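Count along the first sequence from 1, then add 16; that gives the number in the working numbering. Report on the following structure.
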Amino acid sequence: MLLVNQIRENYDQVFAGLQKRNISDAALLLDRVIALDDLRKSTQSQRDQIQAEANTISKQIGQLMKEGKSAEAQLIRERTTEIKAQIKELDEQNAKAEEDLKALLYTIPNVPHSSVPQGRSAEDNEVVLTNGTIPTLHEGKLPHWELIKKYDIIDFDLGVKITGAGFPVYKGKGARLQRALINFFLDEAMAAGYMEVQPPILVNEDSGYGTGQLPDKEGQMYFAAADNLYLIPTAEVPITNLYRDIILNETDLPVKNVGYTPCFRREAGSWGAHVRGLNRLHQFDKVEIVQITHPDQSYAALESMSSYVQGLLQKLELPYRVLRLCGGDMGFTSALTYDMEVYSAAQERWLEVSSVSNFETYQTNRLKLRFKGEDKKTQLAHSLNGSALALPRIVASILENNQTPEGILMPKVLHSYLGFDKI
RNA sequence: AGAGAGUUGGGUGAGUGGCUGAAACCAACAGUUUGCUAAACUGUCGUACGGGUUAAACUGUACCGGGGGUUCGAAUCCCCCACUCUCUGCCA
17 MLLVNQIREN
27 YDQVFAGLQK
37 RNISDAALLL
47 DRVIALDDLR
57 KSTQSQRDQI
67 QAEANTISKQ
77 IGQLMKEGKS
87 AEAQLIRERT
97 TEIKAQIKEL
107 DEQNAKAEED
117 LKALLYTIPN
127 VPHSSVPQGR
137 SAEDNEVVLT
147 NGTIPTLHEG
157 KLPHWELIKK
167 YDIIDFDLGV
177 KITGAGFPVY
187 KGKGARLQRA
197 LINFFLDEAM
207 AAGYMEVQPP
217 ILVNEDSGYG
227 TGQLPDKEGQ
237 MYFAAADNLY
247 LIPTAEVPIT
257 NLYRDIILNE
267 TDLPVKNVGY
277 TPCFRREAGS
287 WGAHVRGLNR
297 LHQFDKVEIV
307 QITHPDQSYA
317 ALESMSSYVQ
327 GLLQKLELPY
337 RVLRLCGGDM
347 GFTSALTYDM
357 EVYSAAQERW
367 LEVSSVSNFE
377 TYQTNRLKLR
387 FKGEDKKTQL
397 AHSLNGSALA
407 LPRIVASILE
417 NNQTPEGILM
427 PKVLHSYLGF
437 DKI
């Protein structure tokens, strides 16, 4: 969430940022934050003063008791009754102000970076670059949901039997392709300086709040009610939360982690056209990269993450484009997001396979993720993450783009991982 | 899952109602000493929200797993919850 001081000190900038997100009552929201914070401060300060008085009296009573002057002690004690009532009342007011303030801050999204384009929807995203050649396919080309049946490598019907729609079963070369991609992505990330972590894929409530899935998006996560745990929608949640409530040394920055996990998304109500086959699933595999950086370094880190992801797509020989998301399409917690889309030649569509974002201090404020520098001062770090990469749509485009009448050719870079070069 | 024991500052660990934001030791940091290193010695050494200052200094309050209660006063007593450990059971 945003920092109140950030709102106070950069009011105009925050206001303009929220405008970019098409929030019409931004001024109202921000003024309300400041008013609530003022209220919080004043009740807090009154409470502290009275508490200080009470503490003094308590000490006096202790002293008098020790000296055996219990009559005098009794006299002072009577005054505390009144003070206690006041403290209780101020406590309640203060707690309410704090609660209201927090609830309000939860509803305010991150301030977009100055380079974020104005816009309302995906159509207003800015195409930063397009790379690679879109293949010309033979007569009788098939979309991937036909290809997987033809070659019997992914079975949706079996998944329905075992679990339900959106939980495919990968078989034979399909399963091998999954494993090859995961290993390829992990090896590449390690070579780029990311430390591999294998986190739990169920997380508690605190972690959900830490990265911003809660309180608003609980409907998107599967929930294990008996144990109060959520299945992760992305490895971002457990990996970033590794650093919750931590004060790092400045010399530890940047922290670079990579992790492979399955991801689970309920995607309630989002079924329709365009979601056939592998395009949208309830369970899918993803390798995620996360960085924790010094505030001065986070945008350089974002660019390096973007080029890193592009490098993967180039090695996989997939045509792709990079989008800078507009204010209306950007995630709630992000300050700047690049989406990478690959072209899927049979569907004749661009498919999002990665989303790389800088959250600045929006997540670290909730996470209490700070670092201590040379000057001994603690300040919030910046957090970033990106998919590198999400598997299903990569698989879809590899299958569609490389299909030939004789079979599907695998990208060269995967051959050693696969142990075969054609499906 | 059953029974028992625990949860204190970066770590170990004292502390059963006021003099405890918290002993002691270790680690860390700065300095003295030193040819260098080590040892020794001295000092610093938590976080949050306020006040204060150009910035400090200084200062108020809170925090001993989380929440609530008793009390003039709680790390200390009571209740609820979470987690950890040990034994028993189960299990990849």
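Built from N, CA and C at the ideal position, the CB exists for glycine as well. From a predicted model like this one, the values you see are computed outputs, not experimental measurements.
Collapsing the DSSP output to three states places N401 in a strand.
When the Cα atoms are used, E266 and T394 turn out to be separated by approximately 9 Å. For S413, the enclosing alpha helix (DSSP H) covers residues L407 to N417. When only Cα atoms are considered, G343 and Q134 end up about 6 Å apart.
The shortest C-alpha to C-alpha distance from N273 to any of G293, M321 and E333 is the one to M321. Counting C-beta pairs with one atom in each stretch, the stretch 42 to 53 and the stretch 407 to 419 have fewer than three that are closer than 8 Å, which means they do not touch. Take V144, set aside five residues on each side of it, and the residues of its chain with a beta-carbon closer than 6 Å to its own are V338 and R340, in chain order. When C-alpha distances from T179 are compared across A251, A208 and L297, the shortest belongs to L297. With 16 or more other CB atoms across the displayed protein chains lying within 10 angstroms of its CB, E357 is buried.
When the alpha-carbon of S61 is set against those of Y27, S74 and A113, the nearest one is in A113. In the DSSP assignment, the residues bridged to D301 are P278.
In this structure, L264 is the residue among F375, I439 and L264 with its C-alpha nearest to the C-alpha of G389. Each residue's CA atom was taken as its position, placing L197 and Q22 some 42 Å apart. Out of L334, F348 and T353, the CA that lies nearest to the CA of Y359 is found in L334. Here P125 is buried: its Cβ has 16 or more other Cβ atoms, across all protein chains shown, within 10 Å. Secondary structure at L218: strand, using DSSP grouped into helix, strand and coil. Q236 is not a Cβ neighbour of V253, given a cutoff of 8 Å. The three-state secondary structure of N147, taken from DSSP, is strand.
Ranking T377, K331, G84 and Q299 by CA distance to the CA of D312 puts T377 first. One alpha carbon belongs to G224, the other to E105, and they sit about 32 Å apart.
When secondary structure is reduced to three states using DSSP, V127 falls in the coil class, being assigned neither helix nor strand. Within 10 angstroms of the beta-carbon of N418 lie 16 or more other beta-carbons, which makes it buried. Counting C-beta atoms within 10 angstroms of its own C-beta, H160 has 16 or more neighbours from the protein chains shown and is therefore classed as buried. At the C-beta level, Q29 and V132 stay beyond 8 Å of one another. Excluding residues up to 5 positions away in sequence, A70 and I73 lie with their Cβ nearer than 7 Å to the Cβ of T96 in the same chain.
Per the coordinates, the alpha-carbon of L218 lies some 10 Å from the alpha-carbon of A251. Per DSSP, reduced to three states, the secondary structure at N141 is coil, with no helix or strand assignment. Looking at the DSSP output, W366 sits in a beta bridge with Y359.
Under the 10 Å beta carbon count, R56 is surrounded by 16 or more other beta carbons and is classified as buried. With a cutoff of 8 Å on beta-carbon distance, I66 and Q102 are scored as near each other. Annotated as proximal: L385 and S399, with beta-carbon spacing under 8 Å.
Runs of the beta strand (DSSP E) lying entirely within the stretch 230 to 271, each at least 3 residues long, are 245 to 247 and 262 to 265 in chain order.
Residue burial annotation: K85 is exposed, with fewer than 16 other C-beta atoms found within 10 angstroms of its C-beta.
Collapsing the DSSP output to three states places G435 in coil. A straight line joining the alpha-carbon of Y167 with that of F200 spans about 23 Å.
If you draw a straight line from the Cα of R195 to the Cα of Y276, it is about 11 Å long.
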